[in-house]
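Trainee: I am attaching a structure below and will ask some questions about it afterwards.
In this note's numbering, the protein residues as written are 2 to 1073.
Written out as structure tokens, the structure is:
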């Protein structure tokens, strides 16, 4: 491309980049001739283009490629001198800390450390993961490294008496990337290393190519061009100050620039006072600091001046996953409950509040007490509901409570910081929006609209930063003495964000009078305020760790100052506008962003220590159960990982009491994450087992025994245990994993696990054998060994009462062994022809389920219903079977178990029952079975996709019968052949007799039919399945007549004479 064809500078850059990229592609695909030609064109335009010169000499080796990458180089200042001044062990410790900072920071921005040169570390951005903003990521990483090392230097100076600093350089250019050696070569890599030498200690410099790409994102200060070793000429470079975008914040000063929002607020309140408010919600959305809280304050003042009620629900970043936490905070405020009050007194205060609101304590108290973390052992009877039903009942009671607080008069409900609300609290807010009284105004705020459902009744206002004129008005209202130059500086630095304007103005008058400029970041005003006196820093650091709302007694327990000194600091922080008073003995940060800034004041080691002390204080000074999720969070941030794991497990128990299974499983996952951070060894392995077992159990309960997630947890426990099954919990994983393999028809592995468990009962665990007998019975049942299975099941039902509690404590299979035994004994009675006995066993299964705790109670109840459906289907009770199918779906939803799993099971049983009823219908046309065939096929395919295969022969047999009735005989035979082969391969043979009987109907030749029927009869006889035997004998008699009479008479004799089975009546009729 001739140079004269490029008319502008931007076009020139684009042309060169395009040519270089094409040359890179050519050399990477093994075409050096084209690459050389393209590089020559670049040099024709830009005679000193280093990338083109590198291309002309590049010869990629195996495993390498030419790439344009962003390179960061970090190097310790005067590392050689430092290493001669301090002891080697101390030097290694400090430099190790520096390396950790660089590695952690680069990983955080998804860069990659490719090589080390002495104490210098080289990182690339764009390999192995490429992003559209790799240059920006690299500069961010450089700034974070500089800050991190500065904090490390403070710690090092305090501890060892010397400092450490880092220089960081960032460059972008063409390199040879050696993927085999994990290194980069070329001028760009060398230049990044040399560039870092031009940086001041603990600062970042970037080259011209980088500056051109990030100048809109960061404050850059051009530096005089300077020479560097090994590179001809002077190197232009820029010092990176900070990122340009200011972090937004909130202001509680004068309300400026919100005329439209304020007018709507007043208009809505007038309508509420008149009982004519049709759209109850006003939603203010915007980034932090833009003025949402200021509008909430205006709404609160307006309503309170009218003498009306104001209720406030506030989200907390520390409790985003804790159900109904904003409601709990409201209840505690209204009841006068503080952290020091014991549970019994809390309950009394709650009861008094309920009575004051004219609610029924008998119903409201048991529903609201769990919200406050008060257990029933402190004086109330728990609600007779569990799971999703319990959650709904609690939510409904909360709505009733809030409504009673409003006193059927105009009122305001504030829902602030919706982005931190949990789903149940959002449901409460939605319900209040739908009250429909025309008197309730609801003001909502959030940092984004993602947290807001689309169908809520509200009017939305997206708040923008102030214009320059509005910012001037606010500055004048806050500080009339500010000069024109100062106002312009504040406008430039604050970008129209009201909270920034307030804070920068506050710092303006606290800065030293030595001509320094107005602070250019939000942190400096806070620093200026903190320099007002002694002891402020430790107090504000601890307060930031505690949270935005600061419990005075907790602060006293954490800070190493006496009570009077802490109160003096709190007063100073009140005067400085950092804190504001809440209640009689509390305070809080005036804004969440102030807390975030204060939180950054403490070095990481100090912050970790404070978090751990807060957690200890919450546990040791709390009367009753502490807020375990909050305790766990503090332990986690305090790097007390074992304590954090334990606290998350305690939080799990509280969540399960509220029926919140998903929340409980989340806490267990957090617990496991904390365990992973503990030092490797036997102690960590042991700690991992309990939360993993419980998570596996809850997952299996919610999603079914087939859940691979649950199985993975159980198998991990077996891996941790190895051959050591001395602990009962480890021992109990064997049947848990066995249940998973049973679901997938892997009878061999399931049986081997059960045998291992049975062998482990030979020495001291005889009490566990009846429980294992239930699992062994299932293996025998699936194999079609019904008599053996019956013996096992009867052993399981004889579980000694004195051992039951001990077994339940370590039984991690959702299916209770006794309930399971009764369910399958019902099947045994059915195939024996004893329908009455089957019904008795089903009732015992339901009764047993009702005696269990949550979540075993609903799980076993549902499976008892499912077995009842099978019994009804086998005995042509189709109407009752349909009722039971509906009950499965309703019960699962009521108890909060995995909705999709149980809906799928209900859909499967419905397809099965409807299909059998259609086959039995009189005067049906074969074509009418098409929808039933399709429905049965679809559910079978879904279960196959899920890997669930235990009951495949049963459902395939139903599908085969539907295909036969629909005159699709060839397809039916193929299905049935596949089912029989599956049974032979897996050993799942409980339905072989019925499969053979159904296949007999697909043969055109009578001899082939007779052979399959004879085989079906023999299998049924061998299995002791008298119902299946009489069915096969009936079909044989209808096919062959008199020669088959003897078999039919024999089969009839095995069925109880008074049995209501339709097959028995039919057999007697045909023999007359």
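For glycine and all other residues, C-beta sits at the position ideal for the given N, C-alpha and C. Predicted model only: the values in this text are computed from it and were never measured.
Starting from the Cα of residue 979, find the closest Cα among 957, 992, 964 and 965 and give me that residue.
Mentor: Residue numbering aside, residue 979 sits at position 978 when the chain shown is read from its first letter. Nearest C-alpha to residue 979: 957.
Trainee: State the DSSP-derived secondary structure class of residue 517, mapped to helix, strand or coil.
Mentor: On the chain shown, residue 517 is found 516 positions in, with the first residue counted as 1. With a pLDDT of only 33 at residue 517, under 50, the local geometry of the prediction cannot be trusted, and no value is derived from it.
Trainee: What is the C-beta distance between residue 309 and residue 412, in whole angstroms, given that I count them as a contact (C-beta under 8 Å)?
Mentor: The residue given as residue 309 occupies position 308 in the chain shown. The residue given as residue 412 occupies position 411 in the chain shown. Contact holds; Cβ gap of about 5 Å.
Trainee: So what's residue 208 in DSSP terms, helix, strand or just coil?
Mentor: By one-based count along the chain shown, residue 208 stands at place 207. Three-state DSSP puts residue 208 in a strand.
Trainee: Can you tell me whether residue 525 is buried or exposed? The criterion is at least 16 other CB atoms within 10 Å of its CB, across all chains shown.
Mentor: The count along the chain shown starts at 1 and reaches residue 525 at position 524. Residue placement at residue 525 is flagged as unreliable, the pLDDT there being 31, under the threshold of 50; the coordinate-derived value follows with that caveat. Residue 525 should be labelled buried.
Trainee: Assuming residue 659 contacts residue 371 under a Cβ cut-off of 8 Å, what Cβ separation, rounded to an integer in Å, is found between them?
Mentor: Here residue 659 is taken as the residue at index 658 of the chain shown, counted from 1. Here residue 371 is taken as the residue at index 370 of the chain shown, counted from 1. The Cβ separation is near 5 Å, so the contact holds.
Trainee: Does the region 277-292 come within contact of the region 451-464, defined as at least 3 CB pairs closer than 8 Å?
Mentor: With a cut-off of 8 Å, the region 451-464 and the region 277-292 count as touching, because enough Cβ pairs lie within range.
Trainee: I need the boundaries of the alpha helix (DSSP H) containing residue 393, first residue and last residue.
Mentor: Residue mapping note: residue 393 aligns to position 392 of the chain shown, counting from 1. Unbroken alpha helix (DSSP H) run through residue 393: 388-407.
Trainee: Do three or more CB pairs link the region 746-754 to the region 984-993 at distances below 8 Å?
Mentor: Flag = yes, the region 746-754 and the region 984-993 touch.
Trainee: Please determine, among 653, 616 and 75, the residue with the shortest C-alpha to C-alpha distance to residue 637.
Mentor: Indexing the chain shown from 1 puts residue 637 at position 636. The shortest Cα separation from residue 637 among 653, 616 and 75 belongs to 616.
Trainee: Short of 8 Å in beta carbon distance, which residues of its chain neighbour residue 609, apart from the five on each side in sequence? Order them along the chain.
Mentor: Start at 1 with the first residue of the chain shown, and residue 609 comes out as number 608. Cβ neighbours of residue 609 beyond the five flanking positions: 638, 639 and 640.
Trainee: Any beta-carbon of chain C closer than 8 Å to the one on residue 192?
Mentor: The structure shown contains no chain C; it holds only a single protein chain.
Trainee: Taking the alpha carbon of residue 157 as the reference point, which residue from 95, 878, 114 and 196 has its own alpha carbon closest?
Mentor: Here residue 157 refers to the residue found at position 156 when the chain shown is read from its first residue. That would be 95, whose Cα lies nearest to the Cα of residue 157.
Trainee: What is the rounded straight-line gap between the Cα of residue 356 and the Cα of residue 671?
Mentor: Numbered from 1 along the chain shown, position 355 holds the residue referred to as residue 356. Numbered from 1 along the chain shown, position 670 holds the residue referred to as residue 671. Cα to Cα, residue 356 sits roughly 39 Å from residue 671.
Trainee: Please list the segments of the alpha helix (DSSP H) lying wholly inside the region 659-712, counting only runs of 4 or more residues, in order along the chain.
Mentor: As far as the region 659-712 is concerned, its whole alpha helix (DSSP H) runs of at least 4 residues are 662-677 and 683-704.
Trainee: Answer with buried or exposed for residue 644, where buried requires no fewer than 16 other C-beta atoms within 10 angstroms of its C-beta.
Mentor: Position 643 of the chain shown, counted from the first residue, corresponds to residue 644. With 16 or more other Cβ atoms within 10 Å, it is buried.
Trainee: Just to confirm, are residue 791 and residue 826 a CB contact at a threshold of 8 Å?
Mentor: Position 790 of the chain shown, counted from the first residue, corresponds to residue 791. Position 825 of the chain shown, counted from the first residue, corresponds to residue 826. It is a contact, given that the beta carbons lie within the stated cut-off.
Trainee: Within its chain, find whatever has a CB closer than 6 Å to the CB of residue 1017; leave out the 5 residues flanking it on each side and keep chain order.
Mentor: Looking up residue 1017 in the chain shown gives position 1016. If we look at residue 1017 and ignore the five residues flanking it on each side, its Cβ neighbours are 994, 997, 998 and 1033.
Trainee: With distances taken Cα to Cα, identify the nearest neighbour of residue 386 among 1002, 866 and 854.
Mentor: For the purposes of this step, residue 386 is taken as the residue at position 385 of the chain shown. The shortest C-alpha separation from residue 386 is found at 854.
Trainee: Using the three-state DSSP reduction, which class does residue 220 fall into: helix, strand or coil?
Mentor: On the chain shown, position 219 is the one that residue 220 refers to. The answer is strand: DSSP assigns residue 220 an E or B state.
Trainee: Quick check: what's the CA-CA separation for residue 1092 versus residue 937?
Mentor: Here the chain covers residues 2 to 1073 and nothing more, so residue 1092 does not appear.
Trainee: Please state the DSSP three-state secondary structure of residue 228.
Mentor: For the purposes of this step, residue 228 is identified with residue 227 of the chain shown, where counting begins at 1. Looking at residue 228 - three-state DSSP - the assignment turns out to be strand.
Trainee: Could you tell me whether the Cβ atoms of residue 185 and residue 167 are closer together than 8 Å?
Mentor: In the chain shown, the residue the question calls residue 185 occupies position 184. In the chain shown, the residue the question calls residue 167 occupies position 166. No; because the gap between Cβ atoms is not below 8 Å, this pair is not in contact.
Trainee: Please confirm if the region 431-444 is in contact with the region 319-326, defined as three or more CB-CB distances below 8 Å between the two stretches.
Mentor: Touching, no, given that fewer than three Cβ pairs across the two stretches are closer than 8 Å.
Trainee: With distances taken between CB atoms, is the gap from residue 227 to residue 73 smaller than 8 Å?
Mentor: Within the chain shown, numbered from 1, the residue matching residue 227 stands at position 226. Within the chain shown, numbered from 1, the residue matching residue 73 stands at position 72. Their beta carbons are not under 8 Å apart, which means residue 227 does not touch residue 73 by this criterion.
Trainee: Among residues of its own chain, excluding the 5 on either side of residue 567, which ones have a beta-carbon nearer than 7 Å to its beta-carbon?
Mentor: Against the chain shown, residue 567 aligns to sequence position 566. Closer than 7 Å at Cβ, skipping near neighbours: 540, 556, 557 and 560.
Trainee: Taking the alpha carbon of residue 98 as the reference point, which residue from 625, 796 and 77 has its own alpha carbon closest?
Mentor: To locate residue 98, count along the chain shown from 1; it is residue 97. The shortest C-alpha separation from residue 98 is found at 77.
Trainee: Look up residue 959 in the DSSP assignment and say whether it is helix, strand or coil.
Mentor: The residue given as residue 959 occupies position 958 in the chain shown. Helix.
Trainee: Candidates 850, 1045, 866 and 851: which alpha carbon is nearest residue 840's?
Mentor: Indexing the chain shown from 1 puts residue 840 at position 839. The shortest C-alpha separation from residue 840 is found at 866.
Trainee: Measuring CB atoms only, is the region 417-433 touching the region 913-932, in the sense that at least three cross pairs come out at less than 8 Å?
Mentor: Contact between the region 417-433 and the region 913-932 is absent, because fewer than three Cβ pairs lie under 8 Å.
Trainee: According to DSSP, what are the bridge partners of residue 587?
Mentor: Position 586 of the chain shown, counted from the first residue, corresponds to residue 587. According to DSSP, which records beta bridges pairwise, residue 587 is partnered with 552 and 583.
Trainee: Along the alpha helix (DSSP H) that carries residue 313, what are the first and last residues, could you check?
Mentor: Translated into positions along the chain shown, residue 313 becomes position 312. Looking at the DSSP string, residue 313 is not in any alpha helix (DSSP H); the run it does join, the beta strand (DSSP E), is 310-315.
Trainee: Give the secondary structure of residue 986 by DSSP, where H, G and I count as helix, E and B as strand, and everything else as coil.
Mentor: In the chain shown, the residue the question calls residue 986 occupies position 985. If DSSP states are grouped into helix, strand and coil, residue 986 belongs with the helices.
Trainee: Excluding sequence positions up to five away, which residues of its chain have a Cβ less than 6 Å from the Cβ of residue 522?
Mentor: As a first step, residue 522 is located in the chain shown; it is residue number 521 there, counting from the start. Any reading at residue 522 is ruled out, since the residue's pLDDT is 32, under 50, leaving its predicted position unreliable.
Trainee: Could you tell me the distance, in whole angstroms, from the CA atom of residue 1023 to the CA atom of residue 870?
Mentor: Numbered from its first residue, the chain shown carries residue 1023 at position 1022. Numbered from its first residue, the chain shown carries residue 870 at position 869. Taking the straight line joining both Cα atoms gives about 26 Å.
Trainee: Taking the straight line between their C-alpha atoms, what separation do you get for residue 704 and residue 388?
Mentor: Counted from its first residue, the chain shown places residue 704 at position 703. Counted from its first residue, the chain shown places residue 388 at position 387. Looking at the two C-alpha atoms, the distance is approximately 14 Å.
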